[in-house]
Structure formats: C-alpha cells, structure tokens
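Protein chains in written order, with our numbering: chain A, 1 to 322; chain B, 323 to 644; chain C, 645 to 966; chain D, 967 to 1288; chain E, 1289 to 1610; chain F, 1611 to 1932.
Working notes, structure below.
Number of protein chains: 6
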Amino acid sequence: SGINTYAHLPHDRCLIDKNLTFDVGIIGIPYDSSVSYRPGARFGPQAIRAASQRQFSYRGFNFRAGINPYQQWAKVIDCGDVPVTPMDSSLALKMMTAAFDNLLSRESAYEGSSMPPRLVSLGGDHSIILPIIRNLYKVYGPITVLHFDSHLDTWSPEKYPSYWQSEASEFNHGSMLWMAKEEGLLSEHNIHAGLRTRLSGTDWSDYLEDDHLGFHRIESDEILKIGLDGIIGKIRRLLPKNSPVYISVDIDVLDPSAAPGTGTVEVGGWLTRELVYILRSLEDVFIVGADVVEVSPPFDQSEITALAASQIVYELVTSMVK
Amino acid sequence: SGINTYAHLPHDRCLIDKNLTFDVGIIGIPYDSSVSYRPGARFGPQAIRAASQRQFSYRGFNFRAGINPYQQWAKVIDCGDVPVTPMDSSLALKMMTAAFDNLLSRESAYEGSSMPPRLVSLGGDHSIILPIIRNLYKVYGPITVLHFDSHLDTWSPEKYPSYWQSEASEFNHGSMLWMAKEEGLLSEHNIHAGLRTRLSGTDWSDYLEDDHLGFHRIESDEILKIGLDGIIGKIRRLLPKNSPVYISVDIDVLDPSAAPGTGTVEVGGWLTRELVYILRSLEDVFIVGADVVEVSPPFDQSEITALAASQIVYELVTSMVK
Amino acid sequence: SGINTYAHLPHDRCLIDKNLTFDVGIIGIPYDSSVSYRPGARFGPQAIRAASQRQFSYRGFNFRAGINPYQQWAKVIDCGDVPVTPMDSSLALKMMTAAFDNLLSRESAYEGSSMPPRLVSLGGDHSIILPIIRNLYKVYGPITVLHFDSHLDTWSPEKYPSYWQSEASEFNHGSMLWMAKEEGLLSEHNIHAGLRTRLSGTDWSDYLEDDHLGFHRIESDEILKIGLDGIIGKIRRLLPKNSPVYISVDIDVLDPSAAPGTGTVEVGGWLTRELVYILRSLEDVFIVGADVVEVSPPFDQSEITALAASQIVYELVTSMVK
Amino acid sequence: SGINTYAHLPHDRCLIDKNLTFDVGIIGIPYDSSVSYRPGARFGPQAIRAASQRQFSYRGFNFRAGINPYQQWAKVIDCGDVPVTPMDSSLALKMMTAAFDNLLSRESAYEGSSMPPRLVSLGGDHSIILPIIRNLYKVYGPITVLHFDSHLDTWSPEKYPSYWQSEASEFNHGSMLWMAKEEGLLSEHNIHAGLRTRLSGTDWSDYLEDDHLGFHRIESDEILKIGLDGIIGKIRRLLPKNSPVYISVDIDVLDPSAAPGTGTVEVGGWLTRELVYILRSLEDVFIVGADVVEVSPPFDQSEITALAASQIVYELVTSMVK
Amino acid sequence: SGINTYAHLPHDRCLIDKNLTFDVGIIGIPYDSSVSYRPGARFGPQAIRAASQRQFSYRGFNFRAGINPYQQWAKVIDCGDVPVTPMDSSLALKMMTAAFDNLLSRESAYEGSSMPPRLVSLGGDHSIILPIIRNLYKVYGPITVLHFDSHLDTWSPEKYPSYWQSEASEFNHGSMLWMAKEEGLLSEHNIHAGLRTRLSGTDWSDYLEDDHLGFHRIESDEILKIGLDGIIGKIRRLLPKNSPVYISVDIDVLDPSAAPGTGTVEVGGWLTRELVYILRSLEDVFIVGADVVEVSPPFDQSEITALAASQIVYELVTSMVK
Amino acid sequence: SGINTYAHLPHDRCLIDKNLTFDVGIIGIPYDSSVSYRPGARFGPQAIRAASQRQFSYRGFNFRAGINPYQQWAKVIDCGDVPVTPMDSSLALKMMTAAFDNLLSRESAYEGSSMPPRLVSLGGDHSIILPIIRNLYKVYGPITVLHFDSHLDTWSPEKYPSYWQSEASEFNHGSMLWMAKEEGLLSEHNIHAGLRTRLSGTDWSDYLEDDHLGFHRIESDEILKIGLDGIIGKIRRLLPKNSPVYISVDIDVLDPSAAPGTGTVEVGGWLTRELVYILRSLEDVFIVGADVVEVSPPFDQSEITALAASQIVYELVTSMVK
Ligand SMILES: [Mn+2]
Ligand SMILES: [Mn+2]
Ligand SMILES: [Mn+2]
Ligand SMILES: [Mn+2]
Ligand SMILES: [Mn+2]
Ligand SMILES: [Mn+2]
Ligand SMILES: [Mn+2]
Ligand SMILES: [Mn+2]
Ligand SMILES: [Mn+2]
Ligand SMILES: [Mn+2]
Ligand SMILES: [Mn+2]
Ligand SMILES: [Mn+2]
C-alpha cells in the first residue's frame, strides 16, 4: 500500500499493544550513538525495509530452504522501531532494555509454543545486542552467540584509549560482548566468524583475552585455506547442540565491495553468497534471536548493503520458521 | 514507530476501507510509464515520505501561515499508494481513474463539509493528473488548473514525432492537459507558471495552441523582470475567485540546483524559497486538490528534491486547512 | 572523433540503409517499459557505449581467445538504436519486431555466408528478447536459449498478481520466455544459469512449470558446490551441438557488488571474472544472436556495471567472430 | 606538503604546547553526538580542511575586504582537533569545556593584545558552542550571539518529547542556546538570522519563549521582502556596539541547494553569496569567537557544503584580522 | 539513432573532410592537462553531448530569442573532437593550434558569407582558448574577449610559485589570457564578468596588472548591488560595437550549487538563469567564436553542470545564428 | 590531532629536513599527468591518508603477520608529498627524480642499517615509478619488479598511436616499465601479476616484446585454474632470492567491484583478500621499495578503493619491517 514494512509484512505496534501475539517479529533499533567512527546506522532499519520492497509473501518461497517463511506455521510481523534517544547512551540503554523486556514477556501466537516470540533486530550499531542478550538471558539462561563480524567486539572498555573514561562510554559497539560475558550472560562456546581486525599492542593479548571470555575465532582468511565447507564444518563442530543460540550479523563481516555502507570497514571480507550459504547450512540450530547490525545508509551505494542485509533477515526468518 | 508515513500521520488504506472518512488525504501514485525521457518517478511517493520524517504534528506549526495544519479542524491522513501497473499505460489509466472515483465519492470527516475529502497526490509522472481531473470534474464541474511547470504539458499528442502513433502513447506526461481540455474538464482561466521549455518548430505555434486551450503563461524569466511580487500579482489577477482550483506542482519548475531529481530537467528555474513564497500568498484560493509530481529519486542528490517536495506538500496541506 | 560508438566501431544506420551489409551489428534497444521494479535500462545502450571508449580496434586483441575480433574476417559495426516508444508497450513490441524483421532479412558482408548478420543487442529490459527471438525463429527455426539471469523469466503472466489483467501487461521482463515457449519459438534444451530468485507460493511449482517449458536450471549457489569448472561442464553437456543458440545475459546474474546498476537486484551472484570465463569456454557454440540487458545507469556506480556489460559484449563478439 | 591543514596554515598542537602563542586559531571539534536526526558532522573539520586546499597565504588576498588575512599582523594557525568522545555526551561536554578553558587562558602572539587568542571552531554539531560560550563568558562577560541558522536552537529540552528524559539528553543541538541563556552567559541582544523552522504546538509560543531569552529573529523569507540590504541594516541596528560578539554559522542557514551536506535540512534558505555579503558588511563588530557548524560530509555532494564552510571560515578570519 | 551528437545534429569529421562547408560547428576539445587543481574536463565534451540529448531540431524553438537556431539560415553541425594528447602540454598546444588553423581556413556553407565557419568549442580546460584566439586573430585581427569566469586567468606564469619553472608549464588554465595579450592577440576592451577569485599577495597588484592587459572587471557580487540589469548595462557599455568578439564561458562563473562539476570551484557565483539572461541580452554582438569550458563530469551531480553547459551552447548558437 | 597523516604516524618534511633519519617513509606523489584516460590519481595520496584514519600505532598489530609494524625496530613516518607540477610532464619527471635522489641518499634511523630509508609511495599514476626506479638503481643496481597490474605497462611509446609523437608523451603510465628496462634499470626476472589487458594488433606481439624485456606474466584468470596457492607458488618460484625487489601495486589489479576508483578499469580482477593473502606470503623477499598507485578518488565510492590501498600500504610496511 505504499507504506514500507519489511517485506510488506503486516505492521503492529508490538511495544504498545500488550495483547498482541506473534511468532517472529522484525524490529528496528535506530540507534548509533555508541560507534567509534562513522555514524549513520540509525537509519539502518529504514533502509533495510526499503530494500525489502521486492519481497512479498506470495512470492516468498526460499529455494535454498524449500519453504516460504511467510506462509508457514508462524505469524511473522513488522513491529516497527524501538524508541531510543540518540543523545544519551545510558538512557538509550535503559530504553532498549525495557523494550526487549516487554517484548520477551509476551506469548507466541503459535499454539503450543512455550517460547516467547522471536525477534530479528535491525540495527543500529552493534551495541544494541547488550540489552537484547540481557533479556534473552532472563528467558533462556546463558546464551551462545554466533557472531559474524570482522571485529572482536570483546574489547574491555579500557582498551579504547582516551583522555577521560566514563561509565557511559564503556557501552560501545566494540565492548558489548565483553560486558555481556562479564555479566555472565553468555555460554562458554561462542564463536566469532569472519575476523580480520587489527589488534591492540604488539602481541596476541586481544586474542588471549577473547579466549578467556569463551570465544572461538574463525578468521576471514581461513576461507582461502579450508574453503567454504571448511568454515561451515568448523562452526557446526563448535556450536553446542540443543542450547539457545543467538545469531548476530555485523554487516562488516562482508567485504567492502559487497557492503560499503557500514561504519568501520575492513577490507578482505566474505562475499554475500558465502555468508548466505553458511547461514543456510545452520538450519538445525536452536535460534532464540538474531540481528543484522551496522548497516549505515549514508555510506551505502545503490542500496547494495541494505539489500544484503534484507536478504540476511529473510534467511534468518527462514531458519527460525523451518 | 519506524514505519514511514508522510509526516508520521496516521495511515489508513483509504481505497479499501469504504467507511473511512477524512478531510485531507496524502496519496501516492507510483506511476512513471508515461514519461518521455528519464523514468524513476514511480519511487517519488516513497522518497517524499522518507524526506518528511522530520515533520511531526507536535512540531508542525507553520510560521509562514500561523497555523499547525496537522492540529486544525481537519483530519489529515496518509492513504498509502494507489495500485497501478507500470507495464500498460491504458490499464494504468483505468486503475488510477477508478481509484480517484472511489476516493472522491467519500464524505469528509469534518461535520458540515459538503465536499468530499481533498487529496494531495504524490507523483509519479505528470500524466497522473488526467484521471484526477476527470474525477474532480465529476464533483465540481470545470476545474481551473494552476500549473507550476517548466513545460507546457498542453502538447497535442501528434507533436511527439515518432514512427508509429497509438492511442495508448497519447496518454503521456506532455499531453495530459491538452487531453483534459479537449475533454472539456478545464475552465478558461488556467495558468502555467515557471515556463522555460523549448517549443516545436520555428514559430510560436505551441503558444498559440496553448492560448486556444485557455491557458495563461508566466515564463520563468519573468521573475528577473517583474520580481517575485510581480509574479504573485499576476497569478492573483488571473486566477478566478470562488471557483474550484487545482494546484499542480511539477517539481521541474524549480531550478536543477534545487531539484536535480526529476526526469526532464530545464536549467534556469525558480528557487524553492520563491515557490514556497508564491504558494503561501495564494491561501484564499478554493483548492479542490493538489499534487507534487515528477520527483525522480534515482536522480536526486542528498534528498534535496524530495525535501523540497515534502515542504511543498506541507504548504499545500496548510492552504487546504487554513 | 568524440562521437561515442561502441568500441569506436564505424556507425551505420542499419535500419534505414537497406543496402548495407555487415556481419556483426551492435544495436541498442533503449526500452524499459516492461519492468516490474526499477526502470532506467532505457539508458543502457548509451552507458555501454560510453564504457567501451577504451576499446579500439588497434588494441583489441583478446588474450583469452587469441584473436582480435575487430580485425578478423567479419565486418563489425555499431547500428545505433532501434526507435521505440516508452509509453505504449504493445506499440513498442511492434516497433521492435519490425526492426529485427528488417535486420534479419539482410545479407552478411562476408562472402559465402548464408546467414544474415548477427546482432548483439544492448538492452533495455529483458522483454526485448521476445521480438528478437520471434525473428530469429523465422530464420533458424526453434532457438535454444542460454539464459544467464538470477531470475527465471518464465513466469506466466498470471503469476504477477494485480487488480486487473491486460494483454499489454503480459509482455513484461519476467514472462517473455514463457511467451516465447508458448509461441513455439524455443527448443527443448534451454538453460538458465545463475538463478537465485525467490519463487511463487509455498512449493516448487515455478520450477515445475519451468521444466515443462523445456528449461534446465543452474542455480547461482552451485558454483560453491561444484566449482566453476563444474558449471561449465554442466552447460556444455546440456547445450545441444550444431543447433542455433541465442545467448542472453541479464546483467543481474552478476553479484550486486559487480553490477549494482540494474533494476531487480539479487544478492549472491557470480563474479564478472567467472561469467567471462564461462563465456570464453563456450566458443564452439553456434551463436545466432546475443544480448546484454537490464543495465540501468541511474543505479550504477563508477560505471562498473556498464564496464562489465561492455566486456561481455566484447566477449560475445569474439565468440561470434572466432 | 600533502598534510591537510586549513588553508595550508602552519599546524601546532595548541592544547598540548602550553607556551604556544597565536592570534587566531582554527580548531576542529569532531563531535556530533547531540544531533536529533542525521549524524556525520564529526567529519566536518576534516572535510572543511580538505576543501580549503586551494587556499594559500601567498594567494590569500580577499578582494571583498582589501586585505590578505594570512599576511596581516596576526599569527593564524591550525590548532588541529579537540579530543572528544562520541559515546558519552556528558563526558564530551567536559572534554570540550576543558579544551576551551585551556585555549582561552593563553596569551596572544601579537604584542599589546590584551585578549586571548581568538578561535574559529569547525563543527561538529551545534551543541559545541555551549562549552565555547561558557569559556568566553569567563573572559569577556555576557556574550552577544549572532546566530545564523534555519533553527531557533533555543528550545528548552522538555520540548523534545520522548519517553524518558535525562540530564545528558538536555545537552543537544537544539537547546544549547536555551541552556547558555539560562546560565546567564548571554547578553539581551542576540540575533537569529535565517530562521525557517517549523514550531512546536499550535501557536507562537516558541517565538515568545525566544523573546524572553533575549533574541531577535530574522526569518529567511525576509530577504524576499526587504532585500539583502534590508537584512544587513536590521542586523547592524540590532547588534550592540563595542560589546563582545560571537558569530555562529550553522551551515543549514544556507539553502539545501548550496549546502546539502548537513543534518537537519530546511528548504528555502539563503544563497552562499548572500551570507558572504552579510558577513563582509559586519567588519566593524568586536568578534571574540566564531564557528561554522553542522557540516556533515556523508551527505555532501562534490564538496559544495564544505567549500561554502571553508569560504565562511576565510571571511570570519578576515573580519577578525581586519 | 542512439549515437550522441550535440542536440542530435548531423556529425561530420570536419578536420578530415577538407571540402566540408558549414556555418556553425560544435567541436569538442577533450584536454585538461593544464589545470592547477582537479582534472576531469577532458570528459566535458562527452558529457555536454549526453546532456543535450533532449534537444532536437524539430523542438528547438528558443522562446527567449524567437527563433529555432537549428532551422534558420545556418548549417549547424557537430564536428566531433579535436585529437589532442593528454601527456605533453606543448605538443597538445601544437595539435590544437593546427586544428583551428585548419577549421578557420574553410568557407562557410551560407552563400555570401565572407567569414569562415564559426565554432562553439566544448572544453576541456580554459587553456584551450589560446590556440583558438591565435587562429581567430589571423582571420579577424585583435579580438575582444568577453570572459565569464570566477577567475582572472590573466596571471603571468611566474605568479604560480613552484620549485622549478618551465616553458611548458607557462601554458596553463590561469595564464592563457595573459599570454594572448602578450602576443598582441586581444583588443583593449576585454571584459571579465563574474569574478570572485582570491588574489596574489597583500594588495591589488593582480587587478593592476589586469588593467594593463586591457581588461575591465565585473565582480560576482556586483549583482547584489546593481542588479542583473546593472550588470547587463555595464557589459553593453564596455563592449565595443562592430568589432569581433569572442565569448568564453568558464562554467565556474556559476555558483557551485548550479555547477558543482568543475575543477576550481568558487562559492558565491551567478545562477544559471542570470547567466542565460545576460547572454540573451547581447544578441547584437558580432560573435566570431565562443566556448564553454571547465565542465568536469567526475565532479558533477545528476548532470546539472553538463545541462547548464548544454543550455549555454544552445544560447550561444542562437546568438550566432540570429 | 585532526591533521591527517597516514595512520596517524608522525609527519616530517623529509625532503626539506636534510638531517632527518628514518627507516620507512610513506610519501605521496600527487601526479597524474601521464594517464591515457581518466585522471584524478593526483588526489590519491590525500585519499589514502584519509582512509587510514582508523589505523593507530596502539592498535596496529597485524594478525596475519604477528607483529605491529608501527612498534617494531623501525622508525616509520609520513613524509608528506613530493612537490610536482601537473602541467609539464618533463619538468614533473625532473622534480620527482630529484626528490627520490634526495631521499635515497639519507641514512636510516636504525643503527647498523647500511641501507637508505625505504619508501612506500602513494600514487599518483603509475608513471611515478620511473623516477623511483632510476634512483633505486643508483643504490642497489638492477631491480626486480614485482608488478601487480591488469596492464602490461611495458608498451613502447610508439604503440600509443597518435597524430604526432613527442619525447614528453613517451613518459606515460603504460610505457614506464619499457623505459626502465631500456635504460637497464631492471633485472631479467620481473613479474607481472594480475594481467587482463587487451593487446595491440592481431597477435601476441605485445607479449613477445614483454618477454624480451625480461618479464614473466601471470594472468588474472589463472587464479580460476590454479587457485590462490598456485599463484603464490608461481611468484615465489619466479622471484629471485636475495636480490633487491620493488613491489608495485597498481590498484587496477583488483576487480572493479573492489576498486572502482581508478583510471583504466579492467573487469575480472582479483579480490582484495586475495591480493593481501599473496602479499603476506612474500614476507621473506628483500623489498627495497614499494608503491600503491592509480587510486583515483573522483571515481571511488564510499572510499572502498582508498581503503584497499590503505590496507595494502599497511601490509607493505609490515613486510618491510618484519
Ligand atoms: Mn560489531
Ligand atoms: Mn564490525
Ligand atoms: Mn509536467
Ligand atoms: Mn515539467
Ligand atoms: Mn531477466
Ligand atoms: Mn533478472
Ligand atoms: Mn543550529
Ligand atoms: Mn540548524
Ligand atoms: Mn577560467
Ligand atoms: Mn575559472
Ligand atoms: Mn599500471
Ligand atoms: Mn593498470
């Protein structure tokens, strides 16, 4: 009808309508005040929705999966955006935390489901997963994070050298996984996939600290050595069975040629077809939530980053519904 | 809530909900299959909505008019888009005609109003006004068009030289005012404002034919001779009082520096501040409908064309409501 | 001399000069009125020509093929563009059909050739191949289509849901292969290569219908499983020997990173080097015509889509001439 | 030498070298965490420096003023940027405040000057002027602000409706002049020039509150009524003589056609030539500091916004030095 | 026919076909190796031709002039481009000089004309006018230049400070008018219009030297003081009657908002409508040649600079033909 | 501090401060006057520096190499740019030659080093390596060039057909390796990697001439046949041990999707991750100098070309320092 929802899905104001039930909700988090370099991801949700306009439920059959995720058992809706201030990161964190507390205390639409609805969050910068994981932990206990990113995002806040420190600036898009682990929200079997960041100092201490936080690492270049199947095998071996998994896709895991529209670009990443192929090979995972973050439209070109993100959302919903 | 409606106005599916009443409706017409050169205006409605996201009813007071158009007596809503095929202009014309027939047979929300709701249409190419005027004529009788454009748009179809002619290709964005006049839908006091198009042949025959169609012409360059007040005075003198006026704004009336995102650009146009000033000086006109057309996002830069269009919509709504 | 022809080739007005003979003609079809989403491909011919300006016959030796296609036995010329209206798809279809009827009734320049000149068409949207195949059929009988595309383009028109149907809207860039097959113009051994489109409904019915139309399918992701050589082997096995083949390259077969400038983008496609490699491995095919379509300059960046298309044209001409 | 300083001026690290003296310092404030809409102004200083690379002191004679500001009595340098966190606006405010406290406690290079060096700040978002004015007040007492902007920037923080309020979010780019006035830092004779913002609610209360804060208002449209000379006359009459004036140029005072690269665009602004003409007519004002803010390079096109800003800096330095 | 010539005019290879006669020739000079800052103007001719594609002789009536310049007495053609090396400015100068010597020794097509054909040159950087004026001088004697530019272009080469000097680097786009005057090619009544460049040193010496070279100066800002009619009056008074005039339009005379696609941008210029209005008011001048230079497509946006240039060419041809 | 140096390294004016010692210098050469097609590489150094701003020595550990190149034994600095005229290629060649003569006659900072400092040059077009190699030859004798490029760059100048020849135009970005070899500056074991250029004429004569010049060739497509490890093996076998190697990276070796911002684009190149992987596998080579050239910012998108170049510089410095 001209009003952009994700894939023309029905829109409900999930946060306000307390009696609403649903199974999978697409929800935007237009927040980018915790980035270290280029902002703009606050417009990510709007851009991903615009890039999804060639998706319709009547032509939504996913040939890779053999289902149409919008016409299965699940009620899939677009929840709109979480309200969040750009000017005070502490307040923003509270707002996002309250929103997900609200959403994860709902019932699913599908009869017999004992889980709350599952959410695919559209970032926003990567810091938004801290409030999400805090609330998932309350429902499911420790969460295993499958983290696609060129960066570690497990830097302790003091690794960001600056003149002054503050509690608010600890909440940033490079430290939220460190915070999540410190708070006890994560399992011991988390995975980074697609890494290629420069590290602090003159030795491997960032990696050592990351080990202590319970993360396995798959570097971007490994695909050149063990191939795509090697990457998939590694993830499948490392990922715990039957325990709650959260899939977080920082779009900067992709190569800049495929995803220029992001804030902290690292050359030498994966191709979109490779990432989609990996995601499709993980269908039997117990996914309790997912996101696509760091899509920054002001730096995008011809929508290619938003289109990649839109496809990833589609694949994530497919996996949740299958 | 993250779902783009014009100015965050409430959205209703006006075409489907037959019992819906409203006073002013913003409606998109994503149609550009009747253009002679660069297409893309089918994405105009979406772009104008996106560019209006800094408008909210709580901060909508128009300092130029002294009212907040979203908090006056009128119920102003976003009707979404008219469904329209891009692949068959004859069929598209039928679809648009039916849609406006539908919309103009409604009652207004405001008690005591004897008019149907008034619509501000977001183009789409300029041909969309033919179905609009056909339906306005059914309600109001002959319409006076105040036509802001760098082009005449009163060319008879045979002035588009080509190898073959066809009925369908007669419906194009340069001939629809000729067709409207031929069909008897227009008054004798229509006005073109902002003209600067090249003409056919080697003499003034285009202008002569335009005279016969009942149009007055104000060329773009006149602002350099008689000033902005001169332009306004001329329009006010020419425009009939107390008879139904339709205001059509082809965004290419603006200079390319202010509105690069359009299909048939003509250098040397008016500045946005001049157009807004003119529009604001015409508040006492009996406006029965209005549009902003030919916004072509693929050729826009930094949203400036869409922002201009969004402002013009706001000014048109202000005039309708005042 | 400053006037852009493809690769600085000599320009003749092939449609008008009835006595002109040539062997390979590059011809533009600036038509995009049958697209379902983003228009702009009408400017494809102009953009491909501009992107070919670094090609000259004196430096045209193709190291992949071992010949200089512009200095072999063949007279290769730029025929300019087919005149075609954007405003009436039925009329446009007639205009294009007449143009190819005209061109394919010529004699070749090369003595002893019993074929008419062969044409490499620059789209325009993909619907342009219907009039081409209609005329090729008249010369050669049933044609085998090797169809590089992310989409099937064999959808029956009624699979495009809309409020009204019409005959004119049946002619669109997703149904022309269905129409061609229905009209009996195609062989039973056609191939889609590079598919990754979403399908209709909740099952494989699109694929089943495609089977019935005589198409084999190679999905984009197969390159991740069987490698580039696997793809080539599959095409070579499927393609009939010694029968007339038409090669149609929808530029959206490429990944959006390599070809952002197109209308209906699908993430996860092939790299340009892969497509060129495939094309070069098919030199012994009896090519009776070819095209590159769906290049949409308004969405291109730094000419990369047009450059890819320009290279593909060069490779296609090489194959025709070798 | 290839290292971009503003206008190839010598660079000193003013904040670190405590013994450094200078007369006019260009200083960047790469901070944009207090914006309400599009971020990106943190890259403003870098873009303005890049756009100034065609300025050299040996070809720096300002024909409008009759002097070369880089070869007069004053030592003009580029101080580099203030370090400032993007992730905690409260901390950022402290960092900026300390930086200007530091800078304004220096001595000038020019013998006999009793003033500290004067600074031209490159924003950054408009909120950066709060720490600047706080420190100017400490040196000069109440400051008169000549505020070029399409927005009031005197909104009390509670006029930004949101779900929760917080102290940190009060510090934003629309409220800092309200805060400055509340803190007693401003005179009673401040001027807004170029206004065209929508206002809160349904009446003139924003303007009334602005009156109470000691501001005069010149709307953008007045140039259409009283002309450029009228605007200049008005400013000159309103501006107090012989008292310290701070000139703040929010680049959004310009029309979007001239300055697309900013965060909160308002159509219908002044042309660059008009703004420069106004600035040049105010040479006899006692300028104690100045800025150009809200230049957001991700939204700029062909550098035109940064070029305008670079020119404005040049004119401001000229006025300070003359 | 799809092959871009200026305004779809017939194309002849004027330099090669020695027997060709014509009255007005459009000729491209794809040379930009004498620029001091951003190159790219070598693609100017191609861009101006592309931007002229909406011009056709059958719809070419100029309403400002009352004629259709393409259907008057004159044979107007597109001569293509002058061949010119980008890698050796001395050689390039020789190539351009020979080309114009060739062209200006032809006869006109119009019977009774005693003049050679007149050329409208599409730059290229501004240095291209030196070989043009050298050859015009040979035909007409001293030439009066009406020079629209934001820059003087009468700087003696030694005003470009550098480590080494050379004869070749004297030929640059800021000194060619100095060279032309030194060589005795110009009259004493030349005019700069639209100036706003910074000057050398600390005084008016650039202007003084310009005086000695026989130039009058009209600064850009004068339009704010004496209005558009004032500018026109000044030019008309200064321009000698009945003596040969060359009109050179450096596109940077326009404001960056109207002409971002140029190499050495100066903010605060004229609007396109103002320049066109000035050009149209000079119809009775004896124009022996003209150009539009410094259009640099890599920095253009949405073709607006090329469109402005294309319009200026149209107006110049109109004046030549009228 | 806001002043862009490469990777925030300390800046010294290496050419002017004759007593300065250092081990690795990053130096810009803003010269593009020897290109055959699109200029713009003169802004390459500035763009590469801007794209390196997310590099800091405190977070500079290279996980691929296991060292932090900025905190090893070596003093790494940014030398700024070489001054060079754009308007006279002969003079420019002299200026560049003198600059490298100057730089390569310095002593290293590292005690015990008998080599002069090593330089990583930021182009600029590819012709800049002629003056570099001339000076390296004076220090080290014949140099082996490892040349990453889609083009041969060993064309003898007469292979550039044109109307006139000249000595200055022999110095161009396609012939400098031919000139270097002719002058005896190169070894017999040079390597081209990534070739995919069209060749002259109708046979392999370009390759034959290249053989005679002592070059081995690795075509771009070989990666599709022998894989990335095959490419690396081939380079390692061909590259002489213990003799001085110069690594030259023409950014057009990358695919246009990864490096659109260059002048002479060839589709079908390597991915950035492949090039980085190759570079990292060559750490034991005796590198005496290196460059990244042909980065042309006006044609770049979202900085992706400059980011790739910035990463390559980082890898080259890593190899030099390891
Ligand atoms: Mn991340
Ligand atoms: Mn990341
Ligand atoms: Mn119109
Ligand atoms: Mn129009
Ligand atoms: Mn297709
Ligand atoms: Mn397709
Ligand atoms: Mn402001
Ligand atoms: Mn503002
Ligand atoms: Mn000039
Ligand atoms: Mn100029
Ligand atoms: Mn090269
Ligand atoms: Mn190359």
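All C-beta atoms in this analysis are idealised placements derived from N, C-alpha and C, irrespective of residue type, glycine included.
Keep in mind that this is a model prediction, so the values were computed, not measured.
Supposed close pair residue i, residue j - CB separation, criterion 8 Å
i: F1331 of chain E; j: P1318 of chain E; result: 7 Å
i: R280 of chain A; j: A65 of chain A; result: 7 Å
Residue i vs residue j beta-carbon contact at 8 Å
i: I922 of chain C; j: V889 of chain C; result: no
i: F692 of chain C; j: S954 of chain C; result: Strictly speaking, residue 692 of chain C in this sequence is Ile, with Phe absent from that position. Yes, they are a contact pair.
i: H216 of chain A; j: I191 of chain A; result: yes
i: I992 of chain D; j: L975 of chain D; result: yes
i: I569 of chain B; j: L638 of chain B; result: yes
i: L1516 of chain E; j: V589 of chain B; result: no
i: N1138 of chain D; j: M87 of chain A; result: yes
Under 7 Å from the C-beta of residue i: neighbouring residues of chain A
i: P1264 of chain D; result: G40, P298, F299
Under 9 Å from the C-beta of residue i: neighbouring residues of chain A
i: D855 of chain C; result: Those do not exist, as D855 of chain C stays about 14 Å from chain A at its closest Cβ, beyond 9 Å.
Partners in chain D for residue i, counting only beta-carbon separations shorter than 8 Å
i: R1623 of chain F; result: S967
Chain F contact residues for residue i, given Cβ-Cβ distances below 7 Å
i: Y921 of chain C; result: D1831, L1834
i: L872 of chain C; result: L1834
Under 9 Å from the C-beta of residue i: neighbouring residues of chain F
i: G268 of chain A; result: L1881, T1882, R1883, E1884, L1885, V1886, Y1887, A1918, Q1921
Of the listed residues the options, nearest to residue i (C-alpha basis)
i: S624 of chain B; options: B:V614, B:I634, B:G583, B:D423; result: B:G583
i: I1677 of chain F; options: F:G1899, F:T1874, F:V1905, F:E1893; result: F:E1893
i: T264 of chain A; options: A:R273, A:D300, A:G289, A:I232; result: A:D300
Interface partners of residue i on chain E, CB under 9 Å
i: N1028 of chain D; result: R1486, L1487
i: P674 of chain C; result: G1290
i: D661 of chain C; result: Result: empty, since nearest Cβ-Cβ is about 11 Å, beyond 9 Å.
i: S1912 of chain F; result: Those do not exist, as S1912 of chain F stays about 16 Å from chain E at its closest Cβ, beyond 9 Å.
Partner residues on chain C for residue i, Cβ-Cβ distance less than 8 Å
i: D1865 of chain F; result: A902, L915, T916, R917
Within chain F, partners of residue i - CB distance below 8 Å
i: A1011 of chain D; result: The amino acid occupying residue 1011 of chain D in the given sequence is Pro; Ala does not appear at that position. What P1011 of chain D touches in chain F: G1612.
Original post:
Which parts of the segment 1434-1465 of chain E are runs of the alpha helix (DSSP H), unbroken and 4 residues or longer, counting only runs that do not cross its ends?
Top reply: 1455-1458
**OP:** Would you list, in sequence order, the uninterrupted alpha helix (DSSP H) runs of no fewer than 4 residues that lie entirely inside the segment 887-944 of chain C?
**Re:** 916-924
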